[in-house]
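A short write-up of the structure that comes next.
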Amino acid sequence: MNNAYDGLVDAGEERHWAFGTGFTAALSGVDRALPADVDREDLTAYCLMLGDDALILSQRLAEWCSRAPELEEDVALANIALDLLGQARLLLTRAAEADGVACDEDALAFTRDEHEFRNARLVEIDCGPGPGGDFAATIARLLVFATFRLALLQRLAGSRDPVLAAVAAKGVKEVAYHRDHAAQWTLRLAGGTEFSRERMVAGLDRVWPYVDELFTTHPVEARLADAGIAVDPAELRAEVDDVLDTVFAAAGLTRPEVAPLASVNGRAGRDGVHTEAMGYLLAEMQHVHRSMPGATW
Amino acid sequence: MVTARAVAAAVLDPELPVLTLADLGVLRDVEEDGDRVVVTITPTYTGCPALDEMRADLTRALRAAGYADVEVRTVLHPAWTTDWISEDGLRKLAEHGIAPPSRIGPRAAGPVPLNLEPPAAVVRCPRCGSPRTSELSRFGSTACKALRSCADCREPFEHVKEI
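Top to bottom, those sequences are chains A and B.
Mapped onto full-length UniProt numbering, the consecutive letters of the first sequence carry residue numbers 1 to 297.
Mapped onto full-length UniProt numbering, the consecutive letters of the second sequence carry residue numbers 1 to 163.
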């Protein structure tokens, strides 16, 4: 054996959990039939929206591993990232199926260019651990995102698309833990020292310009919501605001008064128009795959 | 001859090797037809990296038992819950120092309630039995476990959190 890793690759039909070793059966056996009347292009785009939100935030959270304020938090953020990565894999696989072309989750994650990603801009901005933010900003973003996604997945569990419904019903249980985690940290930081409270307030101010975009209905979402497949995010606003206001009231915080970030000629993250942070994020996330296409280890 | 169901049910969970896949409640179905077997499993958490190891372990065990054609399918619906861990499974977890989950029953309809504090449910220390334990972190060494500590024996321990 030439190196210690040879034994991990292609040992008969045993697949091991590593990039490039054929680990692609995440949806085997799930009823994959597309609803008969669905617009495949719309369904592809919608699965990318939901999947890219999860994938890109997963990447951002993983950046904290080994750099969080305490060891338990390294583990917690990595666990949350792993849950989101799992959701992203199922959703990107569904996007590839709906699209009907020969591609898979890896191709979608690692070979699309910036303008092809359909995540909301909230998940891509740099909230730390580097100079783009800090732990409080990361918690502020997680609080907003998990609250939004939990409300969304709860409704999506009733989708006519059997795969979206199953992914959503499972995701509800996971994201409920993410939301609680972020809410508890928000209370802890806001109720800690004057310094930690300032950071929490600044963190909320940092992410707030990106909140409105989550609730702006994209034409794809509108059409698929009418067809009983997607959720119109505008309908989630009241519930999400209620939850966030409950957290803010308990933490003695007020909702930030910061203007929303404008779209570009009416186009934003869901149309592939991203912030300057996105290119750097993709460069890091896609680097290995693009440098060594087809590599296995 | 040992049935395919018995072989599949005895395969151990890769991350909680004190439990079998049947104890954990992830083994949903085993269909046997001659030397062909179709096993259906469900993941505990969506991103659980152990799923592929389970698939490989099931295939290996069934091949070794003489089944030439083994297919392992994954279902997501209905979503796994800790309520599917068997009574035997709960006992084995406690015996190995991992606090088992409480039974939670079906979730109530309507929005998921927000917990601004860790839930107050009593989790007994699996070492000394004390009910005076507290949560250190909701997220432990695997997706399915939280980290707690005991105020009496002072030991940290893991708890399979309810989901």
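The beta-carbon is built from N, C-alpha and C at its ideal position, and this holds for glycine as well.
- Judged by DSSP in its simplified three-state form, B/V75 adopts coil rather than helix or strand.
- It is roughly 8 angstroms from the alpha-carbon of A/L143 to the alpha-carbon of A/H178.
- Inside the segment 82 to 152 of chain A, DSSP marks whole alpha helix (DSSP H) runs of 4 or more residues at positions 105 to 111, from first to last along the chain.
- By the rule that beta-carbons nearer than 8 angstroms mark a contact, B/Y67 does not touch chain A.
- B/T46 and A/G171 have their C-alpha atoms roughly 7 angstroms apart.
- The beta carbon of A/F135 sits closer than 7 angstroms to those of A68, P69, G128, all from its chain and outside the five residues before and after it, given in chain order.
- Minimum Cα-Cα distance from A/A98 among the listed residues A/F117, A/T246, A/L34, A/L187 corresponds to A/L34.
- For B/I104, no alpha helix (DSSP H) run applies, since DSSP gives it neither H nor E.
- Among the residues facing chain B, A/Q59 is not included, as its CB has no counterpart in that chain under 8 angstroms away.
- Taking a contact as a CB-CB distance under 8 angstroms, the pair B/V38 and B/L58 does not count as one, their CB atoms being some 11 angstroms apart.
- In this structure, DSSP gives A/P293 a state outside helix and strand, which the three-state scheme calls coil.
- B/S86 and B/D23 do touch by the CB rule: their CB atoms are close to 5 angstroms apart, below 8 angstroms.
- Contact check between the segment 128 to 145 of chain B and the segment 102 to 115 of chain B: fewer than three CB pairs, one atom from each, fall below 8 angstroms, which does not count as touching.
- Interface criterion not met: the Cβ of B/S130 is under 8 angstroms from no Cβ in chain A.
- Listed by position along chain B, the residues whose Cβ is nearer than 8 angstroms to that of A/E63 form an empty set, because the closest Cβ is around 17 angstroms away.
- Contact annotation: the segment 186 to 200 of chain A does not touch the segment 217 to 228 of chain A, with fewer than three C-beta pairs closer than 8 angstroms.
- The shortest C-alpha to C-alpha distance from B/K145 to any of B/V123, B/C153, B/A151 is the one to B/V123.
- DSSP places B/T46 outside both helix and strand once states are collapsed to three, so it counts as coil.
- Burial is judged here by how many other beta carbons sit within 10 angstroms of a residue's own beta carbon; A/V264 has fewer than 16 and is exposed.
- When Cβ-Cβ separations below 8 angstroms define contact, A/G171 makes contact with chain B.
- Of all residues in the segment 73 to 103 of chain A, the ones placed with a Cβ closer than 9 angstroms to any Cβ belonging to chain B are E73, V75, A76, L77, A78, N79, I80, A81, L82, D83, L84, L85, G86, Q87, A88, R89, L90, in chain order.
- Between A/Y280 and the set A/T111, A/S66, A/D126, A/L77, the nearest pair of CA atoms involves A/D126.
- Beta-bridge pairing by DSSP links B/A99 to B/H159.
- Of B/V70, B/P118, B/R107, the smallest CA-CA separation from B/I163 is found for B/R107.
- Distance check between A/A238 and each of B/W80, B/P111, B/T133 places B/P111 closest, using alpha-carbon atoms only.
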